[in-house]
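Enquirer: The structure that follows is given in the form of structure tokens.
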Amino acid sequence: MKILSVITLIIGIVSVIFVSCNNTKKGNGTDLTTLYEIDYSHSDQANTIPTIVDSVEFIPLHGSIENPISGIDELQVTDKGIYILDKRKNKLHAYSKDGNQLFTLHSMGHAQQEYLEIACIAVTDSSVFIVDNFGKKINEYGSDNGMFKRSYNAPIIIGAIRPLGNGGFILAELPMEGVNQIENSDGNRLYIADSSFSIKHSIYPYDNHRDKIGMRRFLSDNDSVIIYSSTGYNGFSKISAKDGNFIGNVSVNTARPFNNIEIAEMDKSKARDYVVERRWQFLTTTPMMAGKYICLSVKDEDTAEPCIYDEKSGKLYFNDNISMHNNMIAPDDAYGNSFYIVYNFGGEFLDDQLDMGFNRPPLVADSIIRNDGAVLLRYRMKID
Numbered sequence: 007m008k009i010l011s012v013i014t015l016i017i018g019i020v021s022v023i024f025v026s027c028n029n030t031k032k033g034n035g036t037d038l039t040t041l042y043e044i045d046y047s048h049s050d051q052a053n054t055i056p057t058i059v060d061s062v063e064f065i066p067l068h069g070s071i072e073n074p075i076s077g078i079d080e081l082q083v084t085d086k087g088i089y090i091l092d093k094r095k096n097k098l099h100a101y102s103k104d105g106n107q108l109f110t111l112h113s114m115g116h117a118q119q120e121y122l123e124i125a126c127i128a129v130t131d132s133s134v135f136i137v138d139n140f141g142k143k144i145n146e147y148g149s150d151n152g153m154f155k156r157s158y159n160a161p162i163i164i165g166a167i168r169p170l171g172n173g174g175f176i177l178a179e180l181p182m183e184g185v186n187q188i189e190n191s192d193g194n195r196l197y198i199a200d201s202s203f204s205i206k207h208s209i210y211p212y213d214n215h216r217d218k219i220g221m222r223r224f225l226s227d228n229d230s231v232i233i234y235s236s237t238g239y240n241g242f243s244k245i246s247a248k249d250g251n252f253i254g255n256v257s258v259n260t261a262r263p264f265n266n267i268e269i270a271e272m273d274k275s276k277a278r279d280y281v282v283e284r285r286w287q288f289l290t291t292t293p294m295m296a297g298k299y300i301c302l303s304v305k306d307e308d309t310a311e312p313c314i315y316d317e318k319s320g321k322l323y324f325n326d327n328i329s330m331h332n333n334m335i336a337p338d339d340a341y342g343n344s345f346y347i348v349y350n351f352g353g354e355f356l357d358d359q360l361d362m363g364f365n366r367p368p369l370v371a372d373s374i375i376r377n378d379g380a381v382l383l384r385y386r387m388k389i390d
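Under the working numbering, read the sequence shown as residues 7 to 390, first letter to last.
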């Protein structure tokens with residue numbers, strides 16, 4: 007899926023490595039030891055993703071034609087529904103699990119129940135939380151109706167947020183080079199907060215300077231694990247979704263690893279252009295986990311293609327170069343044993359894919375796509 011990969015690459019580049027997965031390092035009481043390694047440097051293209059995909063389902067998002075989604079900056083699928091963040095319009099679109107529209111939040115303003123931006127979101131069984139970094143607050147709304155509940159002070163500038171099983175939250179600080187964070191920031195990347203967003207402790211100290219270019223996704227979660235990464239950190243970290251305790255790091259070895267030293271003194275624009283031109287291989291966004299499968303998006307040459315790592319077998323799987331049937335588009339979220347992506351690319355793009363053998367959507371989903379609406383693609387993975 008080359009076109010989508012280029013988009014992912016442009017918005018997903020980060021320029022600073024903060025800790026090597028191949029070393030053991032102490033920081034704020036956290037033992038940063040490698041759990042295992044994924045070897046991408048000698049990848050076997052014979053293993054194809056279609057062989058481990060059980061089915062591809064198109065879920066129509068009813069109401070998306072009348073209330074269009076201009077961009078998908080964050081997707082969270084839960085037992086309660088489907089939640090799509092559109093930063094361009096500062097909207098949060100909520101749908102039931104079968105694709106019926108629940109509500110759309112678009113409450114711009116300075117009042118307590120309003121916000122100046124939506125930086126990121128978190129969803130629990132009863133609530134959806136919206137981070138407003140400009141307003142320095144976090145608003146809570148009902149996850150089934152969008153009704154305002156309460157507002158909290160944001161303790162730091164937040165780039166990603168996920169709920170913990172103990173009622174607290176894990177917060178990833180938004181890296182901003184040359185910008186002083188608010189008073190509660192101590193220079194770390196991850197913060198563990200209670201249910202009122204009071205910070206209890208933090209992990210992952212920065213190494214000299216902040217990321218030059220923001221990453222599309224800092225956190226992903228599934229079942230009992232939260233995953234964190236930053237491009238240039240050649241791997242990712244696993245954290246307990248119950249209490250935020252550190253589990254360990256996974257290193258991703260590539261043939262041409264990212265080199266942040268060359269761009270350390272560049273400004274953001276020059277660094278971005280320079281990285282795009284290099285032949286480095288690195289993760290362009292935080293991996294996602296669906297059951298035993300981990301989806302990686304690795305920059306290789308001038309694109310970033312998704313590949314799947316099977317934790318049990320240790321095998322890597324890639325899209326099929328012969329047929330696009332069951333090939334995977336870089337996912338927006340993972341839940342249970344499935345990967346998900348919001349498909350809103352229009353009829354012309356769909357026809358191009360169909361000509362190459364991509365799965366044909368049902369009539370209702372096809373009609374919504376051709377009328378500039380959106381559908382949800384669910385890649386249900388095979389279970390042994």
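Glycine residues also receive a C-beta, built at the ideal position from the N, C-alpha and C atoms. These figures come from a predicted structure and were not determined experimentally.
State buried or exposed for R195, treating a residue as buried only when at least 16 other CB atoms are found within 10 Å of its CB.
Expert: Per the 10 Å Cβ criterion, buried.
Enquirer: Could you name the residues that DSSP lists as bridge partners for L98?
Expert: According to DSSP, L98 shares a beta bridge with L91, L111.
Enquirer: Does S204 come out as helix, strand or coil in the three-state DSSP assignment?
Expert: DSSP places S204 in coil when its eight states are reduced to three.
Enquirer: Ordered along the chain, which non-local residues of its own chain (more than five positions away) have a Cβ less than 6 Å from that of F135?
Expert: A128, I144, E146
Enquirer: Among residues of its own chain, excluding the 5 on either side of N172, which ones have a beta-carbon nearer than 7 Å to its beta-carbon?
Expert: K248, D249
Enquirer: Assuming S373 is part of the beta strand (DSSP E), what are its boundary residues?
Expert: Element bounds for S373: not the beta strand (DSSP E) but the alpha helix (DSSP H), 369 to 376.
Enquirer: Per DSSP, what kind of secondary structure is T57 in: helix, strand or coil?
Expert: helix
Enquirer: So E283 is in the alpha helix (DSSP H); what residue range does that whole segment cover?
Expert: 274 to 283
Enquirer: Classify P368: buried if its beta carbon has 16 or more other beta carbons within 10 angstroms, exposed otherwise.
Expert: exposed
Enquirer: Pull up the distance between the alpha-carbon of D79 and that of V304, whole angstroms please.
Expert: 19 Å
Enquirer: With DSSP run on the structure shown, which of helix, strand or coil describes Q359?
Expert: helix
Enquirer: State the DSSP-derived secondary structure class of E43, mapped to helix, strand or coil.
Expert: strand
Enquirer: Could you tell me if Y101 is buried or exposed, where buried requires 16 or more neighbouring beta carbons within 10 angstroms of its beta carbon?
Expert: buried
Enquirer: Going by the CB atoms, is the gap between G77 and K93 shorter than 8 Å?
Expert: yes
Enquirer: Please report the distance separating the alpha-carbon of N251 from that of T291.
Expert: 22 Å
Enquirer: Between the Cα of R284 and the Cα atoms of E271, T309, F324, which residue gives the shortest distance?
Expert: T309
Enquirer: Would you list the residues sitting across from P263 in a DSSP beta bridge?
Expert: Q287
Enquirer: What residue does the beta strand (DSSP E) around Y197 start on, and which one ends it?
Expert: 194 to 199
Enquirer: What residues are listed by DSSP as bridge partners for N332?
Expert: For N332, which the question treats as bridged, DSSP gives no partner whatsoever.
Enquirer: Throw me the rounded Cβ distance for the L383 and Y346 pair, which I believe falls under 8 Å.
Expert: About 7 Å separates the beta carbon of L383 from that of Y346, a gap short enough to meet the 8 Å contact definition.
Enquirer: Alpha carbons only, please: which of S208, Y42, V83, I328 is nearest the one belonging to V348?
Expert: Out of S208, Y42, V83, I328, V83 has the C-alpha closest to the C-alpha of V348.
Enquirer: Between D316 and N106, what straight-line distance do the alpha-carbon atoms span, to the nearest angstrom?
Expert: 33 Å
Enquirer: Is the number of C-beta pairs between the stretch 319 to 335 and the stretch 43 to 62 that are closer than 8 Å three or more?
Expert: yes
Enquirer: Quick one: grab the DSSP three-state call for S11.
Expert: Any answer about S11 is weak, because its pLDDT of 45 lies below 50 and its placement is not dependable; what the coordinates show is given next. Helix.
Enquirer: What are the residues that DSSP puts in a beta bridge with F6?
Expert: As displayed, the chain neither begins before 7 nor continues past 390, which places residue 6 out of reach and without an answer.
Enquirer: Which class does I162 belong to by DSSP, given the choice of helix, strand or coil?
Expert: coil
Enquirer: Taking the alpha-carbon of G342 as reference, which of I75, I389, K155, I176 has the nearest alpha-carbon?
Expert: I389
Enquirer: Check this for me: beta carbons of A166 and L225, under 8 Å apart or not?
Expert: yes
Enquirer: Among K142, L170, Y299, which one has its Cα closest to the Cα of D163?
Expert: It is Ile, not Asp, that sits at residue 163 in the sequence shown. Nearest C-alpha to I163: K142.
Enquirer: Do I65 and L98 have their C-beta atoms closer together than 8 Å?
Expert: no
Enquirer: Can you tell me which of F175, A117, G174, S319 puts its alpha carbon nearest to the alpha carbon of R156?
Expert: A117
Enquirer: Pick from I253, T39, T40, S47: whose alpha carbon is nearest that of L289?
Expert: S47
Enquirer: Is it buried or exposed, A380, if we count other Cβ atoms within 10 angstroms and call 16 or more buried?
Expert: Label assigned to A380: buried.
Enquirer: For E123, which three-state DSSP category applies?
Expert: coil
Enquirer: With a 10 Å radius around its C-beta and 16 neighbouring C-beta atoms as the bar for buried, classify G115 as buried or exposed.
Expert: exposed
Enquirer: Identify, in the order they occur along the chain, each residue of the same chain with its Cβ nearer than 6 Å to the Cβ of W286, setting aside the five sequence neighbours on each side.
Expert: R262, F264
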